[in-house]
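Scroll down for the structure; my scribbles are underneath it.
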Amino acid sequence: MNETNNTAGVTLLGLGAMGSALAAALADAGHPTTVWNRTPGRAPGLAVTRAATVRDAVTAHPIVVACLLRHDSVHETLAPVVDDLRGRTLVNLTTTTPNEARELATWATGHGIRYLDGAIMATPPMIGSREGQVFYSGSAAAFDACRPVFDVWATSEFHGEDAGMASLLDLAMLSAMYGMFAGLTHGAAMAGSAGVRATDFAVRAIPFVGAMTAHFARSAEIIDGGDYTVPGQSLDFSDLGHIVQASEEQGVDPATIVAVQGLIDQQVAAGHGAEVFERIYESLRAPDRAVAR
């Protein structure tokens, strides 16, 4: 069966909310789709072929997609049928850390399996549209061959042959997202201590935070340039002690702000108080790359 064919057959392992959305999009696009789920009967409305066993599933098509619970479940599911996977392409869309993805890539390659790791930057309702993104890394040849399948789901991006890169970018973007959400909930807790409803606080916060995110590109340029003496808000001026104090006075846990203040304090203590806020990047860098600039 030709994997470059626009109607290539696909096996999908895992029918949680995301796996079901992936399978539905494949079936709607005309790809013969075989599915397997540990608990039978999930997503009964799908127009797909249901395999009774993992072996029946993985031998049905040349492309095998895993969308399971966690890294360990990928091994638990596939190890018993590893010989049946030889010569096939395994696309792992299960959330993993970068090193877990690299371990799976090494395992797969050692058994004659082409491997791609994928990170889904979308919610299930976004699958089947261009609104979502899926990052891939690992075998470039496998990505090219499977591209017609991937493009059914979302905008596809390949990020190189380091199998851990898709996961790294995914988790880094989620880190930025959760940091913003944590800031919103902290602000809502502060305002809520005085009886302000979270919805009313959000109405005020959304345009302000939106305006601040416009500065992301400039912050990135400063970080990449490595010159923190450029014009901008200094670390000395960025002291967050008043936010910490106000939080405590209102009975709100200041933990989210204390964490940022700790990064500021570290750089100020090292003599960088006059430099711009982006300097805290140097406190966050991987140790082997944290060379003073």
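Note that our numbering numbers the sequence shown so that position 71 is 71, with each residue one more than the last.
All C-beta atoms, glycine included, are put in the ideal place defined by N, C-alpha and C.
By the neighbour-count criterion, in which 16 or more other beta carbons inside 10 Å mark a residue as buried, Thr33 falls on the buried side. Counting only the Cα atoms, Asn92 lies some 21 Å from Ala29.
Taken atom to atom, the span from the alpha-carbon of His186 to that of Pro254 is near 8 Å.
Within 10 angstroms of the beta-carbon of Met212 lie fewer than 16 other beta-carbons, which makes it exposed. In this structure, the alpha-carbon of Pro44 lies about 26 Å from that of Gln133. Residue environment for Pro62: buried (at least 16 other C-beta atoms within 10 angstroms of its C-beta).
The beta-carbon distance between Leu116 and Phe143, rounded to whole angstroms, is 6 Å. This is short enough to meet the 8 Å contact definition. Here Val58 is near Asp84, since their CB atoms are less than 8 Å apart. Taking Leu174 as reference, the option from Met121, Ala52 and Leu78 with the minimal CA-CA separation is Met121.
Boundaries for Phe158: no alpha helix (DSSP H) harbours it, while the beta strand (DSSP E) harbouring it runs Thr155 to Phe158, taken from the DSSP string. Only buried fits Gln267, as 16 or more other CB atoms lie within 10 angstroms of its CB. Every beta strand (DSSP E) stretch that sits fully inside the segment 100-155 and reaches 3 residues is listed by chain position as 114-121 and 133-138. A straight line joining the alpha-carbon of Asn99 with that of Gly195 spans about 46 Å. Residues of the same chain with a CB within less than 7 Å of the CB of Leu169, apart from the 5 flanking positions on each side, are Ala119, Phe135 and His159 in chain order.
About 16 Å separates the CB atoms of Gln261 and Val276; that is not less than 8 Å, and the two are not in contact.
Straight-line measurement puts the Cα of Glu131 at about 21 Å from the Cα of Ala217. Counted as a single uninterrupted DSSP element, the stretch harbouring Ile280 is not any beta strand (DSSP E), since DSSP gives it neither H nor E. Shown here, Arg42 sits in coil according to DSSP, grouped into three states, outside any helix or strand. Along the segment 51-103, the alpha helix (DSSP H) occurs as fully enclosed runs of 4 or more residues at 54-58, 71-78 and 82-85, listed in sequence order.
Residue state for Val203 is assigned as helix, using DSSP reduced to three classes. Straight-line spacing of the CA atoms in Ser219 and Leu284 works out to 15 Å. Around Pro124, the same chain offers Ala17, Met18 and Ala21 as residues with beta carbons nearer than 6 Å, after the five sequence neighbours per side are excluded. Classified as buried, Met165 has 16 or more neighbouring CB atoms from the shown chains inside 10 Å of its CB.
With distances taken between CA atoms, Phe150 lies nearest to Ala25 out of Leu15, Leu13 and Ala25.
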